[in-house]
Amino acid sequence: MVATHAQHDDNEAEHQQDTSHAFLPSNTDHIQVTSSTHRNRYLIYDVNDSEGFNLRRDVYMRIANLIIQLNQRQHYHWTLVLPPWKRMYHWRSTPSPKQFPLPWKTFFDISSLNKFIPVMEYQDYINQFGQTIDEIIYLQPYPDPFEGGQFVDKVEETNCQSNQKYKLMNGNYYGYFFGLKGITARKLRCMLAQGMTSIIIPKLQQSKARLILLDRAENLLHEAYGQVGYWNSRRSLVFAKHLRDEGNRYRQEILNSTDEQDHIVRHSDWRLLNVKKSKKRGGNYLAVHLRRRDFLQGRKNDIPSLEEAVLQIKSAMKKTNLSKVFLATDAEESGLNSIRDQMEIMLCYVTTTPDRIQQFGDGGIAIIDQWICAHAKYFIGSKESTFSFRIYEERELMGFKSKMTYNQLCNHHQSNCEGPSEWKVVY
1 MVATHAQHDD
11 NEAEHQQDTS
21 HAFLPSNTDH
31 IQVTSSTHRN
41 RYLIYDVNDS
51 EGFNLRRDVY
61 MRIANLIIQL
71 NQRQHYHWTL
81 VLPPWKRMYH
91 WRSTPSPKQF
101 PLPWKTFFDI
111 SSLNKFIPVM
121 EYQDYINQFG
131 QTIDEIIYLQ
141 PYPDPFEGGQ
151 FVDKVEETNC
161 QSNQKYKLMN
171 GNYYGYFFGL
181 KGITARKLRC
191 MLAQGMTSII
201 IPKLQQSKAR
211 LILLDRAENL
221 LHEAYGQVGY
231 WNSRRSLVFA
241 KHLRDEGNRY
251 RQEILNSTDE
261 QDHIVRHSDW
271 RLLNVKKSKK
281 RGGNYLAVHL
291 RRRDFLQGRK
301 NDIPSLEEAV
311 LQIKSAMKKT
321 NLSKVFLATD
331 AEESGLNSIR
341 DQMEIMLCYV
351 TTTPDRIQQF
361 GDGGIAIIDQ
371 WICAHAKYFI
381 GSKESTFSFR
391 IYEERELMGF
401 KSKMTYNQLC
411 NHHQSNCEGP
421 SEWKVVY
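Position one of the sequence shown corresponds to residue 1 (the UniProt record's numbering), numbered consecutively onward.
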């Protein structure tokens, strides 16, 4: 059985002490003022337009930990303004561009994010302060990152004459701000940057802008990859309830999988969940993420042919004694039909109907895919795919045994196909 889803003045911040979005780390879901002496500042970020949804989730984690660092170092109180989601390259079937940009609540539980750092939707910021961005800091990579033979964390200001993204007209900067109309910026600073997120802190501290846009934020690296801050930011990225509910409905109706019978442990507050690993955990099915499309050109040496993938899936089914397979893939319809024919078993094939696209969008359906994969007894991912990486993380947080999670499909040219790196959750 194969079940599938296709997949404003510079010094204004000095004069105004707004008190609407300061953060109180407690068990409450609400944002509260912690001190009247804290002057609130706001940071929003953007990344290269070509970056996909799951890489953008990783950049969020980097910037979330930057907010933690900022709030530990100075008397200003920083809130992360969540950049609305533009249409992604992979979101091909979403019917109308009028849906974009999308707020974060479309995909994630905002109250869970607020349990780690203070966040607010961009539209909420606009409603309170207006559409003007006070300052843009545009990050660019150094031409030679290993100058002198080693990679050194550094940042320096450079001229913006070659910047093609933002244009100065009538005293304001215009550009493509998250696909929204009417957004302008008052100031633009360009910087060469390489290294961890902390390198940008002095530049942020020098500014008196209330709202700073940190563009090309993917150029900044995790401060402590795989450590507590990394995992806390990751744990806070709880999927939106309507997507979890849909994934659970599918699990129950199609795969006969429920939390109770699959030994899945839940808690409404991610901070209170610390699950011990168990071999009993997971639904009675095997889940596979089979990456195609642009990987067929850009990473053709890392992914198997459809025939090779089927052989590896069958081998895993035999090894695990599982007879049901859930397949998350971006393969074309012809590829899905080929897989179905080669599996030689009764198949249950679920397509993404126009109604489901209208209800959840491509991004929502992809999250539902990840949710279902995360609950399988056994998972096989695709090499170097951020989609698979996020599933590995989800399963690690849920307490699956490593051998049931860290597996990947191999290209037959690879003489030694090892599993992906294992990153253990740190509490």
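Beta carbons: idealized from backbone N, C-alpha and C, even for Gly.
Predicted, not measured: the structure shown is a model, and the values here were computed from it.
Quiz item: Taking just the CA atoms, how far does ILE67 sit from TYR250?
Solution: 37 Å
Quiz item: Of the choices GLN161, ARG57, GLN123 and ILE200, whose alpha-carbon is the least far from that of PHE178?
Solution: GLN123
Practice problem: Could you check how far apart the C-beta atoms of LEU286 and LEU322 are, in whole angstroms? I think they sit under 8 Å. | Solution: 4 Å
Self-check item: Length-filtered (4 minimum) alpha helix (DSSP H) runs lying within the stretch 322-368
Solution: Runs found: 333-343.
Quiz item: Taking the alpha-carbon positions, what's the GLY361 to GLU384 distance?
Solution: One C-alpha to the other measures close to 25 Å.
Quiz item: Would you report the Cα separation of PRO354 and ALA366, rounded to the nearest angstrom?
Solution: 15 Å
Quiz prompt | Presumed contact (8 Å Cβ cut-off) between SER233 and ALA374, rounded CB distance | solution = Between ALA374 and SER233 the Cβ distance is about 18 Å, and since that is not below 8 Å, they are no contact.
Self-check item: TYR406 to PHE379 span [Cα, whole Å]
Solution: For TYR406 and PHE379, the distance between alpha carbons rounds to 7 Å.
Quiz item: DSSP three-state call for PRO25: helix, strand or coil?
Solution: Because the pLDDT at PRO25 is just 38, under 50, the model does not fix this residue reliably, and the value given afterwards should be weighed accordingly. In this structure, PRO25 counts as coil in the three-state DSSP scheme.
Quiz item: Since VAL155 is in the beta strand (DSSP E), which residue starts that stretch and which ends it?
Solution: 154-158
Quiz item: Alpha carbon to alpha carbon, what distance is there between ALA376 and HIS263?
Solution: Roughly 11 Å between the two C-alpha positions.
Practice problem: State the Cα-Cα distance for the pair LEU102 and ARG292, rounded to the nearest angstrom. | Solution: 26 Å
Quiz item: Are the Cβ atoms of ASN54 and ARG395 separated by less than 7 Å?
Solution: no
Practice problem: Please classify GLN370: is it buried, with 16 or more other beta-carbons within 10 angstroms of its beta-carbon, or exposed? | Solution: buried
Quiz prompt | Where ASN407 falls: helix, strand or coil (DSSP) | solution = coil
Quiz item: When DSSP builds the beta bridges, which residues end up paired with TRP85?
Solution: LEU102
Quiz item: When we look at the beta-carbon of MET61 and count the other beta-carbons within 10 Å, is it buried (16 or more) or exposed?
Solution: Counting Cβ neighbours within 10 Å, MET61 comes out buried, since at least 16 surround it.
Quiz item: How long is the line joining the alpha carbons of HIS222 and ILE199, rounded to whole angstroms?
Solution: Just so you know, the alpha carbons of HIS222 and ILE199 end up roughly 11 Å apart.
Quiz prompt | Cutoff 8 Å; reference GLY182; Cβ partners in own chain excluding five residues on either side | solution = If you ignore the 5 residues before and after GLY182, its C-beta comes within less than 8 Å of the C-beta of GLN131, all in its own chain and listed in chain order.
Practice problem: Would you kindly work out how many angstroms separate the C-alpha atoms of LYS276 and ASN127, rounded to a whole number? | Solution: 44 Å
Quiz item: Can you tell me the Cα-Cα spacing of LYS203 and HIS90, whole angstroms?
Solution: 34 Å
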